[in-house]
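Okay, structure first, notes after.
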Amino acid sequence: MREYPSDRVDVRSDTVTQPTTAMRKVMEVAVVGDDVLGDDPSVIELQNRLAKMFGKEAALFVASGTMANAIALRTHTVPGDEIICDKTAHIYKYEGGGYAALCGASISLVEGNRGLMTADQVKKAIRKAEGSGSHYPDGTLVCVENTSNLGGGACYTQEALDEIAAVAKANGCATHIDGARIFNASVATGVDVARMCRDYDSVSICLSKGLGAPVGSVLVGSRDFIAKAHRWRKMFGGGWRQAGVLAVAGLYALDHHIDRLAEDHIRAKKVAESINSMDNFSVDLEAVQSNLVYVNCKIPAAEVVASLAKHGIDMFDLPYNRVRVAIHLHITDDDVDRIISAFAAQ
Ligand SMILES: Cc1ncc(COP(=O)(O)O)c(C=O)c1O
Numbered sequence: 033m034r035e036y037p038s039d040r041v042d043v044r045s046d047t048v049t050q051p052t053t054a055m056r057k058v059m060e061v062a063v064v065g066d067d068v069l070g071d072d073p074s075v076i077e078l079q080n081r082l083a084k085m086f087g088k089e090a091a092l093f094v095a096s097g098t099m100a101n102a103i104a105l106r107t108h109t110v111p112g113d114e115i116i117c118d119k120t121a122h123i124y125k126y127e128g129g130g131y132a133a134l135c136g137a138s139i140s141l142v143e144g145n146r147g148l149m150t151a152d153q154v155k156k157a158i159r160k161a162e163g164s165g166s167h168y169p170d171g172t173l174v175c176v177e178n179t180s181n182l183g184g185g186a187c188y189t190q191e192a193l194d195e196i197a198a199v200a201k202a203n204g205c206a207t208h209i210d211g212a213r214i215f216n217a218s219v220a221t222g223v224d225v226a227r228m229c230r231d232y233d234s235v236s237i238c239l240s241k242g243l244g245a246p247v248g249s250v251l252v253g254s255r256d257f258i259a260k261a262h263r264w265r266k267m268f269g270g271g272w273r274q275a276g277v278l279a280v281a282g283l284y285a286l287d288h289h290i291d292r293l294a295e296d297h298i299r300a301k302k303v304a305e306s307i308n309s310m311d312n313f314s315v316d317l318e319a320v321q322s323n324l325v326y327v328n329c330k331i332p333a334a335e336v337v338a339s340l341a342k343h344g345i346d347m348f349d350l351p352y353n354r355v356r357v358a359i360h361l362h363i364t365d366d367d368v369d370r371i372i373s374a375f376a377a378q
């Protein structure tokens, strides 16, 4: 599927996807209401659908993945609490320090592998105020990211997810999954999302990444959790009105864009293996389990980005002299060949 308004191959992120013609058609005729008043039928349908898919009682449609995570963290914690996550977690690195500014929480970082923590590491990272003579903050929330973005798109095994949830519960912590790319994880591992998230209290799900909706994320959890989250969404200014126009795009994506993620994963693997065989680049092939390919450059990454741009390929250069290729629904087999040839020309 190309349907992209230019012939450039934009692999900066899977967030650059544009609504397809078919998706725009359903948006045009969306039945809407006022979601702040709770009567937008399309939003209600999206929320009910995702709550059911994830085996949770309720859901809340919000503007972004960052907002879904911020609301989740704020709902789970009180100021002075501590959140346990991997050192590469999006909530820690790329959400503007929201955990500190909005929650008043600190973070206990885990040295995971490819962004994936073990239950043992999580256990060691949980600190409790009680028994510490008030020296420690209160570790009350464990947050995992699946797939792990900075981990190269790596996925947790179900066993690891279950063990982490068990350790968290045993130590009085709530559990949250940053599932910005949870459907990529589900397609890559073959594990249904309800099973995957069974032991977790909340999950944030992005519709606007691999799934290709223009805007929106959904937070799922218990009825009580979502009722509290609803209040935080209001306080964060996230109450929205005729949001059904966006919700129907999400519903369309759930119907049409989940299974096809497997194609993105095959293309990502091809890109990764081809680039890894080139002298100037290397890729951690074991991390490439979904749609992301982080490329280590032996020449300056900024020069690679500038040169690839001349071949019509758009990417960002990243810390540690890396670039990332994010495969998504507009990237075709021809585009994959263009990407590989452009790297080969470096
Ligand atoms: C793992 C992860 N979580 C959350 C987000 C935030 O999503 P948004 O850009 O919609 O705020 C991203 C964005 O790339 C992400 O990669």
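Under our numbering, residues 33 to 378 are what the sequence shown spells out, in order.
No residue lacks a Cβ here, since even glycine has one placed at the ideal position from N, Cα and C.
Please read these numbers as outputs of a predicted model, since none were measured by experiment.
Counting C-beta atoms within 10 angstroms of its own C-beta, residue 188 has 16 or more neighbours from the protein chains shown and is therefore classed as buried. Unbroken beta strand (DSSP E) stretches of 3 residues or longer found wholly inside the segment 321–366: 324–329, 354–358, given in chain order. According to the DSSP assignment, residue 278 belongs to no beta strand (DSSP E) but to the alpha helix (DSSP H) extending over 276–288. For residue 92, the enclosing beta strand (DSSP E) begins and ends at 90–94. Per DSSP, reduced to three states, the secondary structure at residue 136 is coil, with no helix or strand assignment. By the criterion of a C-beta distance shorter than 7 Å, residue 103 is surrounded in its chain by 94, 251, 261, 264, 265, 268, once the five residues flanking it on both sides are discounted.
When the five nearest sequence neighbours on each side are left out, the beta carbons in the same chain lying within less than 6 Å of the beta carbon of residue 100 are those of 94, 236, 249, 251, in order along the chain.
Under the DSSP assignment, residue 235 falls in the beta strand (DSSP E) whose first and last residues are 234–238. The beta carbon of residue 294 sits closer than 7 Å to the beta carbons of 219 from its chain, once the five residues preceding and following it are set aside; these are given in chain order. Rounded to whole angstroms, the separation of the alpha carbons of residue 300 and residue 113 is 39 Å. For secondary structure counted as the alpha helix (DSSP H) over 4 or more consecutive residues, the segment 169–236 holds these complete runs in sequence order: 190–202, 214–221, 225–228.
Ligand 1 has a heavy atom closer than 7 Å to the beta-carbon of residue 96.
A check of alpha carbon separations from residue 41 across 377, 366, 324, 108 identifies 366 as the nearest.
Counting C-beta pairs with one atom in each stretch, the segment 77–89 and the segment 105–122 have fewer than three that are closer than 8 Å, which means they do not touch. Residue 67: not part of any beta strand (DSSP E); DSSP gives it neither H nor E. The shortest C-alpha to C-alpha distance from residue 231 to any of 288, 195, 276 is the one to 195.
The DSSP-derived three-state label of residue 369 is helix.
Contact between residue 161 and residue 152 is absent: CB atoms are separated by about 22 Å, not below the 8 Å threshold. Residue 308 carries a helical assignment under DSSP once its states are collapsed to helix, strand and coil. Inter-segment contact for the segment 203–216 and the segment 342–362 is absent: fewer than three beta-carbon pairs are separated by less than 8 Å.
Taking the Cα positions, residue 154 is about 25 Å away from residue 222. Residue 118: member of the beta strand (DSSP E) spanning 113–118, first to last residue.
Judged by DSSP secondary structure, residue 250 falls within the beta strand (DSSP E) whose first and last residues are 249–253.
Take the alpha-carbon of residue 283 and the one of residue 193: they are about 27 Å apart. In the three-state scheme derived from DSSP, where H, G and I count as helix and E and B as strand, residue 45 is classed as coil. Contact between the segment 343–350 and the segment 314–325 is absent, with fewer than three C-beta pairs closer than 8 Å. Of 307, 92, 123, the smallest CA-CA separation from residue 254 is found for 92. For residue 61, the three-state secondary structure derived from DSSP is coil. Per DSSP, residue 315 is one residue of the beta strand (DSSP E) stretching across 313–315. Excluding the 5 residues flanking it on each side, residue 81 has same chain C-beta neighbours closer than 7 Å at 283, 286, in chain order. Contact annotation, residue 289 with residue 244: C-beta distance approximately 5 Å; criterion of less than 8 Å satisfied.
With 16 or more neighbouring CB atoms inside 10 Å of its own CB, residue 158 falls in the buried class.
Boundaries of the alpha helix (DSSP H) around residue 106: 97–108.
Here residue 148 carries a strand assignment [DSSP, helix/strand/coil].
Residue 276 counts as buried, since at least 16 other C-beta atoms from the protein chains shown sit within 10 angstroms of its C-beta.
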